[in-house]
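Novice: Just dropping this structure here.
What follows is the structure, encoded as structure tokens:
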């Protein structure tokens, strides 16, 4: 589905109801994927220091970077340009600039966290468990706030200009 959306997401895409619904569906599904990953990261944080599931750490580490980078790339290259053509109420340019900056920060944080999770999954004894717990919580809370912001400032505004939320 993302390829179909990418092909149809040129100027005016959000004004085409079919494409707009595909964009919203993709976005809401992407949020669900991220929230699921956040829940997994929270379980890892809660398991520290004594009950670490090494396999879960390795899985999360391998999923983290590609998921975050892929979702951000799609948002910035397909969704945001489509939104810019819509002319949403408010200062959309500032909102999108803020989100792009957060994407950069989240991607850098995700890289560091993935390295830490790989070490944890490999049974590394030199890992500071308290610092790792703080890193995990800092990351998943930031992602949850980012999603809440996108929903409040972009998705809900799309809803007010005549598009129904998917789902």
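Numbering (the working numbering), first residue to last: 1 to 167.
For each residue, glycine too, the CB sits at the ideal point set by N, CA and C.
1) In whole angstroms, what separates the C-alpha of residue 153 from that of residue 125?
2) Is the beta carbon of residue 149 closer than 8 Å to that of residue 110?
3) State buried or exposed for residue 123, treating a residue as buried only when at least 16 other CB atoms are found within 10 Å of its CB.
4) Just the Cα atoms here: how many angstroms apart are residue 62 and residue 85?
5) Go ahead and label residue 34 buried or exposed: buried means 16 or more other beta carbons lie within 10 angstroms of its beta carbon, across all protein chains shown.
6) Tell me whether residue 116 is buried or exposed, calling it buried when 16 or more other Cβ atoms sit within 10 Å of its Cβ.
7) What residue range is occupied by the uninterrupted alpha helix (DSSP H) comprising residue 66?
8) Considering only residues of the same chain and omitting the five flanking positions on each side of residue 118, which have a CB-CB separation below 7 Å?
Specialist: This is what the structure holds:
1) For this step, residue 153 is matched to residue 153 along the chain shown. For this step, residue 125 is matched to residue 125 along the chain shown. Taking the straight line joining both Cα atoms gives about 43 Å.
2) Position 110 of the chain shown, counted from the start, is the residue given in the question as residue 110. Position 149 of the chain shown, counted from the start, is the residue given in the question as residue 149. It is not a contact, given that the beta carbons lie outside the stated cut-off.
3) Along the chain shown, one-based indexing puts residue 123 at 123. Looking at its Cβ environment, which holds fewer than 16 other Cβ atoms inside 10 Å, residue 123 is exposed.
4) The residue labelled residue 62 in the question sits at position 62 within the chain shown. The residue labelled residue 85 in the question sits at position 85 within the chain shown. Going from the Cα of residue 62 to the Cα of residue 85 covers about 35 Å.
5) Within the chain shown, the letter at position 34 stands for residue 34. Counting Cβ neighbours within 10 Å, residue 34 comes out buried, since at least 16 surround it.
6) Sequence index remark: in the chain shown, residue 116 carries index 116 (1-based). It counts as buried.
7) Counted from its first residue, the chain shown places residue 66 at position 66. Unbroken alpha helix (DSSP H) run through residue 66: 54–74.
8) For this step, residue 118 is matched to residue 118 along the chain shown. The residues are 58, 61.
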